[in-house]
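Below: one structure, written as structure tokens.
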Amino acid sequence: MEEALNFQVIIDNFTYFMIGRYPNGPLGGLGLTMYLAVISCILSFFGGLILGLLSLSRYAAIRHPVNLFINAVRGIPLLMVIFWMYFLLPALMGKTVPEATTVIMGLTIFTSAYMSQIVRAGIQGIPKGQTEAAVSTGLKHWQAMLYIVLPQGLRNMIPSFVNQFVSLIKDTSLAFIVGVSELTHVGTQINNRTMAFPTEIFIFIAAVYFVLCFAFTSFSRWLEGRLAWRKSI
Amino acid sequence: MLKYTFDWSIVTSGKYFEWLVSGLKVTLELSAVGIVCAFLLGLLIAVLKMSHYRPVRWIATAYLEFFRNTPLLVQIFFWYFGSYKVLPTAVNEWLNSTNFEFAAAAIALTIYTSAFIAEDIRSGILSIPKEQMEAARSAGFSYLRSMQYIILPQAVRITIPPLVNQFLNLAKNSSLAMSIGVMELTYQARQVESYTFKGFEAFTAATVVYLGLSVVITALMDLYNKKVLNPHRA
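For the record, the sequence lines run as chains A and B. According to this note's numbering, the first sequence is numbered sequentially starting from 1. According to this note's numbering, the second sequence is numbered sequentially starting from 1001.
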């Protein structure tokens, strides 16, 4: 049946959507979504950097296993990675692990694999002559990479990193499945409690994600334009 | 470390093996239905996005931006839990008469993927130099015929690799359908785990299947790149 939409349920639960029970309880809702996304983004930046550099190593014994790992992670769904963490982390650490940590680890490993491809492309985009020049001035290969190639490459990678952050924000919604009360989970909770307003609730949640992600997507496009302009002069 | 004894036999034969196989079947069905519908919808959106009329272009842009910038899981929930209030009664009745979980997941996956495919198709068409169209037009072809005989045959060839990539993404994304109870591969792996407590074996089996799918399709695509896109190289 077509029914009129009633967004009163959003207004009534607005703070719960935004921050969960905080400050009287744990952080939830949009606040937790952002927390998960930011922490995972910082961790996977370094993860991606390390994997990307290792995947370009001159030693096949390093390069091949790293590439195998990257491709394996890219070949399976994020949900699978999160379930693996759900199993492996307690087994490896010998104690129970909080769900939020499980999700952060899953997101970090998954996103690191994708970030490593950005790092790789960024490094390969810097002309080989730069490394050769650096090496001929007496720098070691790793020094040339760290001080000459990477700083230039990183600047070109920024827009792709921002896009990856947008994917991360969207991917945090999967935390719902292991019971972390981020925005999507809060939405289903309120839906289960009120019963009558699923349409309103999920339209609202989609709109919140959209505003957030679209802002960052636009930022990344602006950066891309700026970088292109800089290169052209 | 916890003590754990492996028992691979549960996932290589018997009841649980059949569960996993039936899960794979649902995953493939969902992906196949999804990719066909998403391609058609994506093609339509790409054409709208290149229209000469600004309002039409604007609608296509809004569609692309909205569906690319919201999580797939939320879209699945919207179609599963919330769509009944905005869809016409006849559509609701038809959806309820089908396997509704599958239909909701298929609709969400189609729409989400179509937004990405539309951009792939558009950049495929835009990558054909403008002069080709101009040459075709001055040779006497109409706009549509130039598209049909000159532009599209070339554009399709370079759009196939990104489309195959989208198919792989779709197959992986279809795992989210488990959240509304579609019995696809990830769902079944979880079922096996909760019935047998053999999570390691169950998830290894599912992981191997997903990886196998990517490896086979990636290999086929490499072959395509070599034989069709760069036939004269090497």
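Here a beta-carbon is modelled for each residue, glycine too, at the ideal position from N, C-alpha and C.
Around the beta carbon of GLY1181 of chain B, fewer than 16 other beta carbons lie within 10 angstroms, which makes this residue exposed. Between GLN1188 of chain B and chain A, the shortest Cβ-Cβ separation is not below 8 Å. Within chain A, no residue has its CB atom less than 8 Å from the CB of ASN1225 of chain B, the nearest being about 17 Å off. The beta carbon of SER1009 of chain B does not come within 8 Å of any beta carbon belonging to chain A, so the residue lies off that interface. Here DSSP, grouped into helix, strand and coil, assigns GLY225 of chain A to helix. Interface with chain A (8 Å Cβ-Cβ cutoff): TYR1210 of chain B is included. Within the stretch 68-102 of chain A, the runs of alpha helix (DSSP H) that reach at least 4 residues and sit entirely inside it are, in chain order, 78-93. A Cβ-Cβ distance of about 4 Å is found for the pair SER1114 of chain B and LEU1041 of chain B, placing them in contact under the 8 Å criterion. If you ignore the 5 residues before and after THR96 of chain A, its C-beta comes within less than 6 Å of the C-beta of PRO90, all in its own chain and listed in chain order. Within chain B, PHE1078, GLY1082, VAL1086 have C-beta atoms less than 9 Å from the C-beta of ILE203 of chain A, given in sequence order. Taking C-alpha positions only, LEU5 of chain A is separated from SER1097 of chain B by approximately 25 Å. The C-beta of LYS140 of chain A comes no closer than 8 Å to any C-beta of chain B.
Taken atom to atom, the span from the alpha-carbon of LEU49 of chain A to that of GLN124 of chain A is near 13 Å. With its beta carbon less than 8 Å from one in chain A, LYS1172 of chain B belongs to the interface. Rounded to the nearest whole angstrom, the CA to CA distance from PHE1006 of chain B to GLY29 of chain A is 39 Å. For ASN13 of chain A, not one C-beta of chain B is nearer than 8 Å to its own C-beta.
When DSSP states are grouped into helix, strand and coil, LEU1152 of chain B belongs to the helix group. Rounded to the nearest whole angstrom, the CA to CA distance from VAL166 of chain A to ILE1150 of chain B is 37 Å. Shortest Cα-Cα distance from ILE76 of chain A to any of B:ASN1169, B:ILE1117, B:GLU1018 involves B:ASN1169. Counted as a single uninterrupted DSSP element, the stretch harbouring TRP1008 of chain B is not any alpha helix (DSSP H), since DSSP gives it neither H nor E. By the CB criterion at 8 Å, LEU1043 of chain B and ILE1121 of chain B fall inside the cutoff.
Under the 8 Å criterion on CB atoms, VAL1074 of chain B is classed as interfacial with respect to chain A.
Think of a sphere of 7 Å around the beta carbon of GLU1065 of chain B: the chain A residues whose beta carbon falls inside it are PHE214, in chain order. About 26 Å separates the beta carbons of SER1175 of chain B and MET93 of chain A, which is beyond the 8 Å limit, so they are not a contact pair. Scanning its chain for C-beta atoms nearer than 7 Å, with the 5 sequence neighbours on each side dropped, one finds around VAL186 of chain A the residues TYR16, PHE17, GLY20, GLY28, GLY29, in chain order.
Beta-carbon to beta-carbon, THR102 of chain A and TYR86 of chain A are separated by about 5 Å, close enough to satisfy the 8 Å threshold.
In the structure shown, LEU1087 of chain B adopts coil according to DSSP, grouped into three states.
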